[in-house]
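Student: Below: one structure in structure tokens.
2 protein chains.
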Amino acid sequence: MNIGQAAKASGVTAKMIRYYETIGLITPADRTESNYRVYGTDDVHTLRFIKRARTLGFSMDETSALLGLWQDKSRASADVKRIATDHITELEHKITELQEMADTLKHLVHCCSGDDRPNCPILTQLAGADT
Amino acid sequence: MNIGQAAKASGVTAKMIRYYETIGLITPADRTESNYRVYGTDDVHTLRFIKRARTLGFSMDETSALLGLWQDKSRASADVKRIATDHITELEHKITELQEMADTLKHLVHCCSGDDRPNCPILTQLAGADT
DNA sequence: CTTGACCTTACCATGATGGGAAGCCTTAGC
DNA sequence: GCTAAGGCTTCCCATCATGGTAAGGTCAAG
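Protein chains in written order, with the working numbering: chain A, 1 to 131; chain B, 1001 to 1131.
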């Protein structure tokens, strides 16, 4: 299978497959005589694994760790669970931050008449006034 | 006032003040004979405005637009309000995405025994199995 | 006059991805 | 067998906002 077919089969772009190879996330693919990368079904499974981890927001480092544990048949599930719970903590931290931004803005938007006059509490707040 | 003092007074690093100047977000500062940038209280107010907008998650483009409206005394508050509501929509979209990731992971973590045995539903899910 | 703290510009790095160019290879149609 | 289209290769650049560092000029206090 060529890189394009592996990309279609896995949902990872050819560009990213090459990138994953250069950073050592996946082992370098075998090559044909004409230097084309060759992939098998196992490789596609690995790429799908990576794709799912990324979709769940795991960083490349976390994904790499998860991949290693996946391939280590004698792993302890506690190690996997720790990575996942740490990631949940990160996600919830980000959610809280974004939620605070949104709440502040919603309050300001609620106070803004939004007409053709210049008076605007949103700008007043950004300017740092007490009002 | 030198750039370092302006940085302290505004909460924006000297590095970022220079960057904002190069991308045209702020007008180039006057210089002393020895080529040092000089800032006044108005400049510090502008930098604080930018800092607050960034803290609320506005992009540089949005911040630039807000800055322009702030400085335009004949603005319509509707223009400000539109930028803010659009940004709230973006924020809520991101929150939803992150929340979905966290929810999925929480479910998986709940199902994982997290001991020294290898069996792990988190990896099983990432591998794409039906279970 | 020296020392240390500050300023200047210029370049590199981040993280994960996309885009494009230049050149080689393969496959399908004629 | 020839040609055109499309796929593959590597290499370089861009994103977005920020931080770091290095080499060199400037200023103020002792």
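Positions of the beta carbon are idealized from the N, C-alpha and C atoms, including for glycine.
Can you say whether Thr32 of chain A is buried or exposed, counting buried as having 16 or more other CB atoms within 10 angstroms of its CB?
Tutor: Residue 32 of chain A sits at position 32 when you count from the first residue of the first sequence. With fewer than 16 other Cβ atoms within 10 Å, it is exposed.
Student: Going by DSSP, what residues sit across from Val1038 of chain B in a beta bridge?
Tutor: What you label residue 1038 of chain B is simply residue 38 of the second sequence in a count that begins at 1. Per DSSP, B:Asp1030.
Student: Quick check on DSSP: helix, strand or coil for Ser74 of chain A?
Tutor: Taking the first residue of the first sequence as position 1, residue 74 of chain A is located at position 74. The answer is coil: DSSP assigns Ser74 of chain A none of H, G, I, E or B.
Student: Excluding the 5 residues flanking Asp61 of chain A on each side, which residues of the same chain have their C-beta closer than 6 Å to its C-beta?
Tutor: The residue labelled residue 61 of chain A in the question sits at position 61 within the first sequence. So no residue of the chain qualifies.
Student: Taking the alpha carbon of Ser34 of chain A as the reference point, which residue from A:His107, A:Leu108, A:Asn2 has its own alpha carbon closest?
Tutor: Here residue 34 of chain A corresponds to residue number 34 of the first sequence, with the count starting at 1. Minimum Cα distance to Ser34 of chain A is reached at A:Asn2.
Student: Tell me the rounded alpha-carbon separation between Ser59 of chain A and Asp115 of chain A.
Tutor: On the first sequence, position 59 is the one that residue 59 of chain A refers to. On the first sequence, position 115 is the one that residue 115 of chain A refers to. The alpha-carbon atoms of Ser59 of chain A and Asp115 of chain A are separated by roughly 44 Å.
Student: Would you say Gly1057 of chain B reaches chain A, if we count a Cβ-Cβ gap shorter than 8 Å as a contact?
Tutor: Translated into the one-based positions of the second sequence, residue 1057 of chain B becomes position 57. Interface residue, yes.
Student: How big is the Cα-Cα spacing for Val1080 of chain B and Tyr20 of chain A?
Tutor: By 1-based counting over the second sequence, the position of residue 1080 of chain B is 80. By 1-based counting over the first sequence, the position of residue 20 of chain A is 20. The alpha-carbon atoms of Val1080 of chain B and Tyr20 of chain A are separated by roughly 43 Å.
Student: Restricting to Cα atoms, I'd like to know which of B:Leu1123, B:Gly1011, B:Leu1105 is closest to Glu92 of chain A.
Tutor: Looking up residue 92 of chain A in the first sequence gives position 92. It is B:Leu1105 whose Cα lies nearest to the Cα of Glu92 of chain A.
Student: Does His1045 of chain B get closer than 8 Å to chain A when you measure Cβ to Cβ?
Tutor: Mapped onto the second sequence, residue 1045 of chain B falls at position 45. Yes, its Cβ sits closer than 8 Å to a Cβ of chain A.
Student: Between which two residues does the alpha helix (DSSP H) harbouring Leu1025 of chain B extend?
Tutor: As a position in the second sequence, residue 1025 of chain B is number 25, starting the count at 1. Element bounds for Leu1025 of chain B: n/a, residue is neither H nor E.
Student: Taking the alpha carbon of His1107 of chain B as the point to measure from, which residue in B:Arg1018, B:Ile1122, B:Thr1096 has its own alpha carbon closest?
Tutor: Position 107 of the second sequence, counting from 1, holds the residue named residue 1107 of chain B. Of the listed residues, the one whose Cα sits closest to His1107 of chain B is B:Ile1122.
Student: Going by DSSP in three states, Leu64 of chain A sits in which element: helix, strand or coil?
Tutor: Translated into positions along the first sequence, residue 64 of chain A becomes position 64. One point to set straight first is that residue 64 of chain A is Ser, not Leu, in the sequence displayed. Of the three classes helix, strand and coil, the one that applies to Ser64 of chain A here is helix, per DSSP.
Student: Counting only runs that start and end within the segment 71-127 of chain A, where is the alpha helix (DSSP H) found for 4 or more residues in a row?
Tutor: Qualifying alpha helix (DSSP H) stretches, in chain order: 77-111, 121-126.
Student: First and last residue of the alpha helix (DSSP H) that includes Gly4 of chain A?
Tutor: Along the first sequence, read from residue 1 onward, the residue named residue 4 of chain A stands at position 4. Element bounds for Gly4 of chain A: 3-10.
Student: Please name the residue, chosen from A:Thr124, A:Ala9, A:Asp30, A:Asn119, that lies closest to Arg1075 of chain B on a Cα-to-Cα basis.
Tutor: Counted from its first residue, the second sequence places residue 1075 of chain B at position 75. It is A:Asn119 whose Cα lies nearest to the Cα of Arg1075 of chain B.
Student: If you draw a straight line from the C-alpha of Val1012 of chain B to the C-alpha of Lys1051 of chain B, how long is it?
Tutor: Here residue 1012 of chain B is taken as the residue at index 12 of the second sequence, counted from 1. Here residue 1051 of chain B is taken as the residue at index 51 of the second sequence, counted from 1. When rounded, the distance between both Cα atoms is 7 Å.
Student: I want to verify the contact list: residues of chain A whose CB lies under 7 Å from the CB of Thr1085 of chain B, in sequence order.
Tutor: Taking the first residue of the second sequence as position 1, residue 1085 of chain B is located at position 85. By Cβ distance, chain A contributes Val109.
Student: Helix, strand or coil for Phe58 of chain A per DSSP?
Tutor: Position 58 of the first sequence, counting from 1, holds the residue named residue 58 of chain A. Coil, per DSSP.
Student: For chain B, check one thing: does any of its Cβ atoms lie closer than 8 Å to the Cβ of Asp61 of chain A?
Tutor: What you label residue 61 of chain A is simply residue 61 of the first sequence in a count that begins at 1. Judged by the 8 Å Cβ criterion, Asp61 of chain A is not in contact with chain B.
Student: Are the Cβ atoms of Ser1077 of chain B and Cys112 of chain A separated by less than 8 Å?
Tutor: Along the second sequence, one-based indexing puts residue 1077 of chain B at 77. Along the first sequence, one-based indexing puts residue 112 of chain A at 112. Contact flag set, yes.
Student: Can you look up Thr1046 of chain B in the DSSP assignment and give me helix, strand or coil?
Tutor: Taking the second sequence and counting its residues from 1, the one referred to as residue 1046 of chain B is at position 46. Three-state DSSP puts Thr1046 of chain B in a helix.
Student: Quick one: is the Cβ of Arg1031 of chain B within less than 7 Å of any heavy atom of the ligand NAD?
Tutor: The model on display carries no ligand, and the ligand NAD is accordingly not part of it.
Student: Taking Cβ to Cβ, would you say Ala6 of chain A is nearer than 8 Å to Ile17 of chain A?
Tutor: Looking up residue 6 of chain A in the first sequence gives position 6. Looking up residue 17 of chain A in the first sequence gives position 17. Yes, the Cβ-Cβ distance between Ala6 of chain A and Ile17 of chain A is below 8 Å.
Student: How many Å lie between Gly4 of chain A and Lys15 of chain A at the Cα?
Tutor: As a first step, residue 4 of chain A must be located in the first sequence, where it is residue number 4. As a first step, residue 15 of chain A must be located in the first sequence, where it is residue number 15. The alpha-carbon atoms of Gly4 of chain A and Lys15 of chain A are separated by roughly 9 Å.
Student: To the nearest angstrom, how far is the alpha carbon of Gly1128 of chain B from that of Arg48 of chain A?
Tutor: Position 128 of the second sequence, counting from 1, holds the residue named residue 1128 of chain B. Position 48 of the first sequence, counting from 1, holds the residue named residue 48 of chain A. Taking the straight line joining both Cα atoms gives about 8 Å.
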